[in-house]
Structure formats: structure tokens, C-alpha cells
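One structure is given below, encoded as C-alpha cells.
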Amino acid sequence: MNLYKAKGDIKVPRKKGLGRGWWFESERHRLARMGIKTGRKVRGTSPRTTSTSSKYKQWIQGANLNPLFLKHFESKYGEIEGIRESAYGYGYEIETDEGSFLVFPDYDSAEQEAKEYIKDMLESEPELFNKDFLEAHTYISDTDKRIIATEEADNYVEDLTDEELLEKAGIDPDDYKDWDTAVEEAKDIVQDKVYDEWYEGLDDPIEFLCDEKGYYSREDLLQQPFIQLDIEGATDEVIALDGVAHFLATYDGDEQELDGFYIYRTN
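Sequential numbering from 44 applies to the sequence shown in the working numbering.
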């Protein structure tokens with residue numbers, strides 16, 4: 044599967060009629076541009092040479108790349124055929140006649156690219172990750188915790204008789220001026236107790252809702268709308284466990300450095 048989509052292809056189309064490597068123009072074509080027609084190729088002339096900076100000009104404009112690095116890159120990874128911005132914009136994807144590479148100006152940029160990719164996977168394809176790993180990074184927002192705890196407390200007291208409320212609250216109605224006052228006090232006490240149990244229990248939704256309450260299976264709970272995934276925390280852990288190269292260097296999993304740039308082969 045191709046892990047990256049091209050964004051903003053900055054490669055300039057090669058010009059028709061240029062010579063080898065499309066960086067050199069033959070003498071015959073040069074004369075033709077000047078309006079001088081020749082019936083045959085001009086013999087004994089050499090291709091016009093260009094400086095290193097001119098050779099890579101079409102790619103380095105607007106890019107955090109330099110001609111010397113590209114020259115060194117070609118000598119090691121093959122003749123460059125095109126350069127475009129990486130999927131998340133922190134580096135570049137360089138195509139050569141030997142393969143495809145992701146190149147970043149520093150390690151932080153490479154790490155950020157990997158993090159953005161992992162975040163996308165966690166949001167769109169969480170099933171690609173270990174179930175236990177996902178469970179460890181699930182949570183319920185404070186707002187949802189309060190809503191759920193309130194609903195559970197209200198429902199709980201509604202199902203109890205007055206006598207049950209008094210018993211669970213530990214209230215003796217004879218200590219109050221009348222029965223209704225005792226029951227209302229008992230209701231408040233029981234509601235607060237149930238609310239606190241749920242609010243605190245939801246700090247660990249898997250343990251509380253699946254194991255303690257038995258409301259959901261683990262699979263069903265992860266599908267509930269109030270369950271959220273700590274994307275940032277999960278991403279940081281994935282990077283710490285597997286490393287940047289695991290996600291960027293999809294060809295061989297290796298990270299290489301050249302002239303301060305970080306390089307990952309993708310194909």
C-alpha cells in the first residue's frame with residue numbers, strides 16, 4: 044500500500060528536444076532556437092555545460108533543498124527524476140532512477156511527518172493497531188462523564204422505593220420532621236453516592252463499564268460515541284516504541300543521514 048499521497052508536485056515538465064538528462068541542449072537545437080536552420084547535426088560540438096545550481100534550479104525554488112546536497116544525493120541514490128512535497132509537507136519525496144525516497148531537512152521534520160501519518164491511521168483505521176494498545180489510550184471527556192454519571196444516578200434512585208432509599212442512605216425517618224423530608228434527603232444522598240461512583244469509575248472506562256458493570260463487551264465499547272481515543276498520547280507511544288523509520292522507510296525500515304538531511308527509502 045502506498046503510504047503517501049503526492050501534494051503539490053513541484054517538478055517542472057522536461058522540455059521537448061533537450062539532450063541527455065534533459066539538462067543539456069544540442070548545438071543543432073540551440074541554432075534552431077536562434078532561427079538558424081541546419082540540415083544535419085553539427086559535428087564536433089560538445090553539449091553546453093551547466094553549473095550545479097542551474098541543474099537543480101527547477102527543484103530548489105521554494106524548497107528547503109540545496110544544489111550541493113542534491114548532487115551528493117544523486118551520487119548515492121541515483122539520478123533524480125522528480126521532486127515533490129511530502130504528504131504532510133514536512134519534507135520532500137524524491138524520485139530517482141533507482142527508487143523513491145522521503146527526505147527531510149532535520150530529524151524533527153521527519154518525526155513530525157511520521158506523527159501526522161500515525162494520527163491519520165489512528166483516526167481512519169484504528170483496527171490496524173493492537174486492541175490492547177487502543178484500550179490503553181481510550182477515555183471519556185469530562186463533559187460526557189458528568190452527563191453519564193448524572194443519568195445513571197437519576198435512573199438508579201427512580202427505581203427505588205422510599206424504604207429502599209432510606210435504607211441505602213442510612214436515614215431513620217424518625218429523625219426528621221416528616222416522611223417526605225426524610226425521603227428527599229435520602230434521595231439526595233443516594234444520588235450523590237451513585238454519581239461519584241460513576242464519575243470516578245469512568246476514569247477507566249474499559250475496566251469500569253466492561254469488567255465491573257458488564258454493560259459492554261470491549262469491542263462494543265470502543266464503538267460507542269462517547270469513547271474517545273487519545274490520539275496524541277497514542278502517537279507519542281507508537282513513535283517511542285517503533286521509531287520514525289518504521290513508518291517512513293517503508294522499503295527497508297532504515298534511516299540514513301546525508302549532509303544533515305534524513306533519508307528514508309519508500310520504494
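Virtual Cβ for every residue (Gly too), placed ideally from N, Cα, C. Being a predicted model, the structure only gives us computed values, none of them experimental.
Buried or exposed (CB count within 10 angstroms, at least 16 for buried), residue i
i                 : result
glycine 132       : exposed
phenylalanine 290 : buried
lysine 98         : buried
glycine 134       : buried
serine 260        : exposed
serine 129        : buried
leucine 252       : buried
alanine 283       : exposed
glutamate 206     : exposed
glutamate 122     : exposed
tryptophan 222    : exposed
glutamate 210     : exposed
lysine 158        : buried
tyrosine 307      : buried
tyrosine 120      : buried
Span of the beta strand (DSSP E), counted from its first residue to its last, around residue i
i                 : result
glutamine 147     : It should be pointed out that residue 147 corresponds to phenylalanine in this sequence rather than to glutamine. Looking at the DSSP string, the run of the beta strand (DSSP E) that includes phenylalanine 147 is 143-147.
glutamate 138     : 135-139
isoleucine 126    : 123-128
glutamate 300     : 299-301
phenylalanine 304 : 304-308
Given residue i as reference, the closest of the options once Cα atoms are compared
i              : options                           : result
isoleucine 249 : Leu171, Lys158 and His180         : His180
arginine 127   : Pro148, His115, Trp102 and Leu113 : Trp102
tyrosine 305   : Asn109, Asp149 and Leu108         : Asp149
alanine 229    : Trp241, Pro216 and Lys220         : Pro216
aspartate 151  : Gly286, Leu208 and Arg308         : Gly286
leucine 272    : Asp197, Leu177, Gly257 and Asp254 : Leu177
isoleucine 214 : Thr204, Lys220, Asp221 and Ala225 : Ala225
leucine 265    : Glu195, Thr204 and Glu170         : Glu170
tyrosine 160   : Tyr242, Ala292, Ile190 and Gln299 : Ala292
glycine 244    : Arg189, Arg308 and Glu156         : Arg189
aspartate 235  : Leu145, Tyr258 and Tyr199         : Tyr199
glutamate 195  : Leu208, Trp241 and Lys220         : Trp241
leucine 165    : Asp302, Glu280 and Arg308         : Glu280
lysine 174     : Glu298, Ala288 and Asp263         : Asp263
Residue range of the unbroken alpha helix (DSSP H) whose run includes residue i
i                 : result
glycine 244       : 222-244
aspartate 263     : 261-264
tyrosine 150      : 150-167
lysine 256        : Premise fails: lysine 256 is in no alpha helix (DSSP H) and is neither H nor E.
glutamate 117     : 110-120
alanine 106       : Unbroken run through alanine 106: none, as it is neither H nor E.
leucine 203       : First-last for leucine 203: undefined, no H or E at that position.
phenylalanine 290 : 288-291
Cβ neighbours of residue i in the same chain (closer than 7 angstroms, five flanking residues each side left out)
i              : result
glutamate 124  : Glu138, Thr139 and Asp140
asparagine 310 : Gly142, Ser143 and Tyr294
aspartate 187  : Phe269
serine 94      : Here the model assigns serine 94 a pLDDT of 47, short of 50, so the residue's position is not dependable and the matter cannot be decided.
Residue(s) in a DSSP beta bridge with residue i
i           : result
leucine 272 : Thr181
Residues of its chain near residue i, where Cβ-Cβ distance is below 6 angstroms and the 5 sequence neighbours each way are ignored
i              : result
lysine 162     : Ile274 and Thr278
arginine 76    : Residue confidence for arginine 76 is low, a pLDDT of 39 falling below 50, so the modelled location carries little weight and cannot support an answer.
asparagine 109 : none
isoleucine 10  : No answer is possible for residue 10: the residues shown for the chain start at 44 and end at 310.
asparagine 107 : Pro148
glycine 78     : Its pLDDT being 46, under 50, glycine 78 is placed unreliably by the model, and nothing is read from it.
Same chain only: Cβ atoms within 8 angstroms of residue i, ignoring 5 sequence neighbours per side
i             : result
glycine 276   : His180
threonine 311 : Lying before the first or after the last residue shown, residue 311 is absent from the chain, which here runs from 44 to 310.
aspartate 197 : Gln234
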